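Mapping of the sequence shown onto the numbering used here: residues 3 to 298, in sequence order.
A virtual CB, placed ideally from N, CA and C, is assigned to each residue, including glycine.
Keep in mind it's a predicted model, so treat the numbers as computed, not measured.
Encoded as structure tokens, the structure appears first; notes follow it.
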Amino acid sequence: MEIVETIADLRARLHADRAAGRTVGFVPTMGYLHAGHVSLIDAAVAADDRTVVSIFVNPLQFAPGEDLADYPRDLAADTAACAAAGVDYVFVPDLAEMYPRPVETVVTVPTVAAPLEGVHRPSHFAGVATVVAKLFAIVGPCRAYFGAKDWQQVAVVRRLVADLSFPVEVVACPIVRESDGLALSSRNVYLTEEERRQAPALRRALDAGLALANAGETDAAAVEAAMADALAAAPAGTIDYVAAVQADSLLVDGPLHDDIRLLVAVRFSKARLIDNDGARIPRRGPDDRGALSSAP
3 MEIVETIADL RARLHADRAA GRTVGFVPTM GYLHAGHVSL IDAAVAADDR TVVSIFVNPL
63 QFAPGEDLAD YPRDLAADTA ACAAAGVDYV FVPDLAEMYP RPVETVVTVP TVAAPLEGVH
123 RPSHFAGVAT VVAKLFAIVG PCRAYFGAKD WQQVAVVRRL VADLSFPVEV VACPIVRESD
183 GLALSSRNVY LTEEERRQAP ALRRALDAGL ALANAGETDA AAVEAAMADA LAAAPAGTID
243 YVAAVQADSL LVDGPLHDDI RLLVAVRFSK ARLIDNDGAR IPRRGPDDRG ALSSAP
């Protein structure tokens, strides 16, 4: 495994690999790697000839007052985990390497980024999209692996890739959870003991919404109400949102149909947790009594 600190060095190594016919898998991270990150790395190592992991805490995606200064960091543990997983290159640029001057070019994906996280963190996805576009330009043609826990981020990145014609295949990998259902996150370390006990209510809220959707409920408000009721088991948290939306647009365009996504965000004292899960609801025509319908 090689630790690479400059854009030029990483590009040179990957250019040589591709010239030799090797495929590239890329896992962008902000470090403090946990089992969820390692699952992305494992997927890349299994599918591609060379695997790159970037570790860069991107200031553009943090708003004033968010946890940029306190964001957990442990580069030694991160590089050890990458070596154990079979990573070829760990890209660890410093701030001056990534942003040698104030950034004036900002990438936005306004429609997909606007709801949900966009309401509560208005500048977040512009920062994400900008750094991801820069990383894709550095890494070049690749498969890029993202965790499905940040579903809206996956949707933003997919739209970015499609609109800007990046030679990148975006791979969304399953959420990795603790035994009690809590989705792994670097921010889980912020939870107090009591908050950690209550936090699995996010998973139970999703289960409550999924139970309704899988039983045929197509009214988003009804599904969201069931999710909100389940979150009463986490009184230490404050709900930012519960949502039942179409999986690709993150909007509601009538009765829920086809691929849908249920999402939840809850603020605890120092940690803001998000989670989601998906389901598929067949479209039904007005006279349908159970058969699948091709109605628009």
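Query raised in the report: Leaving out five residues before and five after A249 in sequence, what residues of the same chain have Cβ atoms less than 7 Å from its Cβ?
Result: Here the set comprises D261, I262, R263 and G280.
**Report entry** N- and C-terminal bounds of the beta strand (DSSP E) containing Q248
**Finding:** T240 to Q248
**Report entry** Span separating the alpha-carbon of D255 from that of A227
**Finding:** 18 Å
Query raised in the report: Under three-state DSSP, which class holds S187?
Result: coil
Query raised in the report: Does DSSP put D231 in a helix, in a strand, or in coil?
Result: helix
Query raised in the report: What distance in whole Å lies between the Cβ atoms of A235 and Q200, which are believed to be in contact at a cut-off of 8 Å?
Result: 7 Å
Query - For R145 and G27, believed in contact at Cβ under 8 Å, the rounded distance - result: Taking a contact as a CB-CB distance under 8 Å, the pair G27 and R145 counts as one, their CB atoms being some 5 Å apart.
Query raised in the report: Run through DSSP, which three-state label would N60 get?
Result: coil
Requested in this report: Keeping to the same chain, check which residues put their C-beta closer than 6 Å to that of D290; ignore five residues upstream and five downstream.
Outcome: Low per-residue confidence applies at D290: pLDDT is 48, beneath 50, and the placement is therefore not dependable, though the value from the model is reported in the following sentence. Closer than 6 Å at the Cβ level, and outside the excluded window around D290, lies no residue.
Query raised in the report: With a CB to CB cut of under 6 Å and the five nearest residues on each side skipped, what residues in its chain are close to S296?
Result: Note that S296 scores 28 on pLDDT, short of 50, meaning its location in the model is unreliable and no value can be drawn from it.
Query - E4 - partner residues in DSSP beta bridges - result: Y91
**Report entry** Simplified DSSP state of A293, which is helix, strand or coil
**Finding:** Here the model assigns A293 a pLDDT of 35, short of 50, so the residue's position is not dependable and the matter cannot be decided.
Report task. Scan the stretch 151 to 211 and note each continuous beta strand (DSSP E) run of 3 residues or more that stays entirely inside, going in chain order. Result -> 170 to 175
Query raised in the report: Is the stretch 130 to 141 close to the stretch 4 to 16, with three or more CB pairs under 8 Å?
Result: With the cut-off at 8 Å, the stretch 130 to 141 and the stretch 4 to 16 touch.
Query raised in the report: Near K272, what residues of its chain come up, given a Cβ to Cβ distance below 6 Å and the 5 sequence neighbours on each side ignored?
Result: So the qualifying residues of the chain are Y192.
Requested in this report: Examine the Cβ distances between the stretch 208 to 221 and the stretch 163 to 177 and report whether three or more of them are shorter than 8 Å.
Outcome: no
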